[in-house]
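Worksheet: the structure to be examined is printed underneath.
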Amino acid sequence: MDTFTDIFEQRKGISTYWHNKASDLYASAGVLWAAMEDPKQGSAAEQMGLGQGFAYSV
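Quick note, our numbering runs 823 ahead of the 1-based positions in the sequence shown.
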């Protein structure tokens, strides 16, 4: 097995690990949603160095 598989096997039974992952994804989705609604979204993308063509919307 590779390292990632070993780590997954160790963590898959730990409910706190999955709860934290879900919380991280939920927070990330909220940030992306807010960024899509923000008329000044370009300034954050520029500050992160993502370039002028980057857009948060799908």
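Beta carbons are placed, not taken as given, at the ideal position from N, Cα and C, and that holds for glycine.
Which of helix, strand or coil does DSSP assign to residue i?
i      : result
Gly853 : helix
Lys844 : helix
Met859 : helix
Counting along the chain, where does the alpha helix (DSSP H) carrying residue i start and finish?
i      : result
Ile830 : Thr826 to Arg834
Should residue i be counted as a contact of the ligand ATP given a C-beta to heavy atom distance under 7 Å?
i      : result
Phe831 : Summarising the ligand content, the structure contains no ligands, and the ligand ATP is consequently not present.
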